[in-house]
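Protein chains: 2
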Amino acid sequence: MKFTISEENHIKGVYHLQQQTGLVNTNALACEMQTKAASVTDMLKKLKLKKILQYEKYKGFKLTEMGKKIALSIIRKHRLWEYFLTVKLGFDWAKVHAIAEELEHISSEELIQKLDDFLGNPSFDPHGDPIPDSFGKIPTIKQYNLMQLPIKKKAIVSSVSNQSAQMLEMLKHYKIGIGTPIQITKHFLFDGSLEVKILKNTTCILSEQVAKNIFVYYE
Amino acid sequence: MKFTISEENHIKGVYHLQQQTGLVNTNALACEMQTKAASVTDMLKKLKLKKILQYEKYKGFKLTEMGKKIALSIIRKHRLWEYFLTVKLGFDWAKVHAIAEELEHISSEELIQKLDDFLGNPSFDPHGDPIPDSFGKIPTIKQYNLMQLPIKKKAIVSSVSNQSAQMLEMLKHYKIGIGTPIQITKHFLFDGSLEVKILKNTTCILSEQVAKNIFVYYE
DNA sequence: ATTTATTTTTAGATTTGTCTAAATTTATTT
DNA sequence: AAATAAATTTAGACAAATCTAAAAATAAAT
Chain A
9 MKFTISEENH IKGVYHLQQQ TGLVNTNALA CEMQTKAASV TDMLKKLKLK
59 KILQYEKYKG FKLTEMGKKI ALSIIRKHRL WEYFLTVKLG FDWAKVHAIA
109 EELEHISSEE LIQKLDDFLG NPSFDPHGDP IPDSFGKIPT IKQYNLMQLP
159 IKKKAIVSSV SNQSAQMLEM LKHYKIGIGT PIQITKHFLF DGSLEVKILK
209 NTTCILSEQV AKNIFVYYE
Chain B
9 MKFTISEENH IKGVYHLQQQ TGLVNTNALA CEMQTKAASV TDMLKKLKLK
59 KILQYEKYKG FKLTEMGKKI ALSIIRKHRL WEYFLTVKLG FDWAKVHAIA
109 EELEHISSEE LIQKLDDFLG NPSFDPHGDP IPDSFGKIPT IKQYNLMQLP
159 IKKKAIVSSV SNQSAQMLEM LKHYKIGIGT PIQITKHFLF DGSLEVKILK
209 NTTCILSEQV AKNIFVYYE
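Quick look at the structure:
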């Protein structure tokens, strides 16, 4: 089945929200999509008709199995293109998201399969987010946010959840990126801030607010 | 200035037609665009307003200088993507056009500049069509792949699109490189293979698969 | 349990790009 | 030059995707 760009964006938006909340409501999606509630309602009717989501008036909605499959295929495209843009074209990781938002709507399945092979079938994009395979399966590793990481335990930065420009700029300054080895050397109980050693490099202090948006894995 | 996909496609269509005819007429463009004359008229009004084309009712139309610049930037994108799809992703050249029709509308200028560099600033796409540079300047010689070269016609090897190690090794063995004078002496219809004379040197047999990756020019 | 507030949906308008059918302009033929 | 044909444009309609403003349903508060 074929979808418009707007439909695809809505499907992706629902997927994103239902990851956290289970059932999604109209206002939340309107906010996520930077549009109005009335427009969302219109789109919901269309997507229900196409059996992309289960939707009862006034009662919230969520994707059907088919809807989920479509969402994952769009996310797969998005993340493969992000990988291409940073690793092959040398883009700064802060810039790739907007371009991938366009590229993810290119329709050819064969293109994505060949791109995947060309990139060496990566499992994670440059932000550390997992890239679903062609069946929609998502690779998993146990991730912990920095606040949960035991003190002195060596770990690898795997992703960053708050991708605001300010956040990315700060991490760039500290030379913290995906794959950076890291270790907590002190935990200040007063304000929850952490002293963090970027291995083979300097040490810095991160606030709790920042730390809980940085994810790592170990072993 | 920003354009919709439909506007961009019409600009490209006008450019293509005016290459041959100078002034373009409504029906011709309608045919080119697989649409109706009335729809073309609507679009012409819009593009005239945006100063993309000179247009007098009932009297035909052609692109302004600005219109030409835009057309060339779209053609540039199209051909760079075609190059990417064949040379980097290994697509069959027959399949790349449709995909490039979508990719050419991705808007980022930085993307195209980086893609161009990544591909090594190629001058011709895999069909031998010239790729305009970022100023809209078009390289002049036309390239043909060996399958398209008329028999007995003397030509010069100008580029090789499939740069796999095996390919390069084979070419090295036959002493075929950029600038090598070459001539087709026989075309075996059975399997599409060619008997090729490397001038001032030996003769060899090249499979169709190899031949279509070797580009030449003549005169 | 009413009233008030919030959320969601409907109703109707707008924009973009397309269409058909009719009218108009230009070109061709007799 | 008048009649006919072809090309082009206008007028009006339609679908998609959005919006505003008002109505309806649900949730929260007194």
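For the protein sequence lines, the chains are A and B, in the order given.
The numbers in this note's numbering rise by one with no breaks, and the one at position 150 of the first sequence is 158.
The numbers in this note's numbering rise by one with no breaks, and the one at position 61 of the second sequence is 69.
The C-beta atom is built at its ideal place from N, Cα and C for all residues, glycine as well.
Roughly how many angstroms separate the alpha carbons of residue 29(A) and residue 153(B), rounded to a whole number? As a first step, residue 29(A) must be located in the first sequence, where it is residue number 21. As a first step, residue 153(B) must be located in the second sequence, where it is residue number 145. CA-to-CA, the gap between residue 29(A) and residue 153(B) works out to about 57 Å.
Using a threshold of 7 Å, state whether the C-beta atoms of residue 110(A) and residue 114(B) are closer than that. Your numbering for residue 110(A) matches position 102 in the first sequence. Your numbering for residue 114(B) matches position 106 in the second sequence. Contact: yes.
For a minimum of 4 consecutive residues, which ranges assigned as the alpha helix (DSSP H) are wholly contained in the region 84-165 of chain B? Fully enclosed alpha helix (DSSP H) runs of 4 or longer: 101-111 and 117-126.
Give me the residue from 45(B), 70(B) and 180(B) with the minimum Cα distance to residue 56(B). Against the second sequence, residue 56(B) aligns to sequence position 48. Out of 45(B), 70(B) and 180(B), 70(B) has the C-alpha closest to the C-alpha of residue 56(B).
Would you check if the distance between the CB atom of residue 51(A) and the CB atom of residue 18(A) is smaller than 7 Å? Along the first sequence, one-based indexing puts residue 51(A) at 43. Along the first sequence, one-based indexing puts residue 18(A) at 10. Using a Cβ distance threshold of 7 Å, residue 51(A) and residue 18(A) count as a contacting pair.
One or two residues paired with residue 32(A) in a DSSP bridge: Within the first sequence, numbered from 1, the residue matching residue 32(A) stands at position 24. Its beta-bridge partners are 69(A).
Based on the DSSP secondary-structure assignment, which residues constitute the bridge partners of residue 241(B)? With chain B running from 9 to 227 in the structure shown, residue 241(B) is simply not present.
Through-space distance from residue 78(A) to residue 10(A), alpha-carbon basis: Against the first sequence, residue 10(A) aligns to sequence position 2. Against the first sequence, residue 78(A) aligns to sequence position 70. Going from the Cα of residue 10(A) to the Cα of residue 78(A) covers about 10 Å.
Whether or not the region 148-162 of chain A and the region 191-202 of chain A are in contact is what I'm after, with contact meaning three or more pairs of Cβ atoms, one per stretch, closer than 8 Å; do they touch? With three or more CB-CB distances shorter than 8 Å, the region 191-202 of chain A counts as touching the region 148-162 of chain A.
By how many angstroms is the C-alpha of residue 224(A) removed from the C-alpha of residue 157(A)? Translated into the one-based positions of the first sequence, residue 157(A) becomes position 149. Translated into the one-based positions of the first sequence, residue 224(A) becomes position 216. Going from the Cα of residue 157(A) to the Cα of residue 224(A) covers about 8 Å.
To the nearest angstrom, report how far apart residue 186(A) and residue 150(B) are at their CA atoms. Translated into positions along the first sequence, residue 186(A) becomes position 178. Translated into positions along the second sequence, residue 150(B) becomes position 142. If I take the Cα positions, the gap works out to 45 Å.
Does the separation of the CB atoms of residue 97(B) and residue 124(B) fall below 7 Å? As a position in the second sequence, residue 97(B) is number 89, starting the count at 1. As a position in the second sequence, residue 124(B) is number 116, starting the count at 1. In this structure, residue 124(B) does not lie closer than 7 Å to residue 97(B) by Cβ.
Is residue 117(B) close to chain A, meaning its C-beta is less than 7 Å from at least one C-beta of that chain? Taking the first residue of the second sequence as 1, we reach residue 117(B) at position 109. By this cut-off, residue 117(B) is not an interface position.
Report yes if the CB atom of residue 33(B) is closer than 7 Å to the CB atom of residue 45(B), and no otherwise. If you number the second sequence from 1, residue 33(B) lands on position 25. If you number the second sequence from 1, residue 45(B) lands on position 37. Against a cut-off of 7 Å, the Cβ pair of residue 45(B) and residue 33(B) comes out as no contact.
Does any residue of chain B bring its CB to less than 7 Å from the CB of residue 92(A)? Counting from 1 along the first sequence, the entry for residue 92(A) is found at position 84. False, the Cβ-Cβ gap to chain B never drops below 7 Å.
Use the C-beta contact count for residue 66(B): other C-beta atoms within 10 angstroms, 16 or more gives buried, fewer gives exposed. Position 58 of the second sequence, counting from 1, holds the residue named residue 66(B). Residue 66(B) is exposed by the Cβ-count criterion.
Would DSSP call residue 62(A) helix, strand or coil? What you label residue 62(A) is simply residue 54 of the first sequence in a count that begins at 1. Strand at residue 62(A).
Check whether the Cβ atoms of residue 112(B) and residue 82(B) lie closer than 7 Å to each other. Numbered from 1 along the second sequence, position 104 holds the residue referred to as residue 112(B). Numbered from 1 along the second sequence, position 74 holds the residue referred to as residue 82(B). Taking 7 Å as the Cβ cut-off, residue 112(B) and residue 82(B) qualify as a contacting pair.
Can you tell which of 80(A), 53(A), 202(A) and 203(A) has the C-alpha that lies nearest to the C-alpha of residue 146(A)? Residue 146(A) sits at position 138 when you count from the first residue of the first sequence. Per the Cα distances, 80(A).
Residue 74(B) versus 129(B), 92(B) and 20(B), residue with shortest Cα-Cα distance: Here residue 74(B) corresponds to residue number 66 of the second sequence, with the count starting at 1. Looking at the Cα atoms, 20(B) is the closest of the given residues.
Looking at chain A, is there any beta carbon in it that lies within less than 7 Å of the beta carbon of residue 69(B)? Sequence index remark: in the second sequence, residue 69(B) carries index 61 (1-based). Judged by the 7 Å Cβ criterion, residue 69(B) is not in contact with chain A.
CA-CA distance, residue 54(B) and residue 175(A)? Numbered from 1 along the second sequence, position 46 holds the residue referred to as residue 54(B). Numbered from 1 along the first sequence, position 167 holds the residue referred to as residue 175(A). Rounded to whole angstroms, residue 54(B) to residue 175(A) spans 43 Å at the Cα level.
Is any beta-carbon of chain B found at less than 7 Å from that of residue 126(A)? Residue 126(A) sits at position 118 when you count from the first residue of the first sequence. By this cut-off, residue 126(A) is an interface position.
Counting only Cβ-Cβ distances shorter than 7 Å, please list the residues of the region 49-79 of chain B near chain A, keeping chain order. none
For residue 49(A), does the three-state DSSP call read helix, strand or coil? Position 41 of the first sequence, counted from the start, is the residue given in the question as residue 49(A). Residue 49(A) carries a helical assignment under DSSP once its states are collapsed to helix, strand and coil.
Selection from 195(B), 200(B) and 84(B) that minimises the alpha carbon distance to residue 143(B): Your numbering for residue 143(B) matches position 135 in the second sequence. For the residues 195(B), 200(B) and 84(B), the minimum Cα distance to residue 143(B) belongs to 84(B).
Quick one: what does DSSP say residue 169(B) is sitting in, helix, strand or coil? In the second sequence, residue 169(B) corresponds to position 161, counting from 1. Coil, per DSSP.
Please check if any C-beta of chain A sits within less than 7 Å of the C-beta of residue 109(B). Locating residue 109(B) in the second sequence gives position 101, where the first residue counts as 1. Not an interface residue.
Selection from 76(A), 95(A), 120(A) and 49(A) that minimises the alpha carbon distance to residue 68(A): In the first sequence, the residue the question calls residue 68(A) occupies position 60. Nearest option by C-alpha distance: 49(A).
Consult DSSP for residue 213(A) and reduce its assignment to one of helix, strand or coil. In the first sequence, counting from the first residue as 1, residue 213(A) sits at position 205. Strand, per DSSP.
Rounded to the nearest angstrom, how far is the Cβ of residue 155(A) from that of residue 220(A), given a contact under 8 Å? As a first step, residue 155(A) must be located in the first sequence, where it is residue number 147. As a first step, residue 220(A) must be located in the first sequence, where it is residue number 212. That pair is a contact at about 5 Å.
In three-state terms, what does DSSP make of residue 226(A)? As a working mapping, residue 226(A) is identified with position 218 in the first sequence. If DSSP states are grouped into helix, strand and coil, residue 226(A) belongs with coil.
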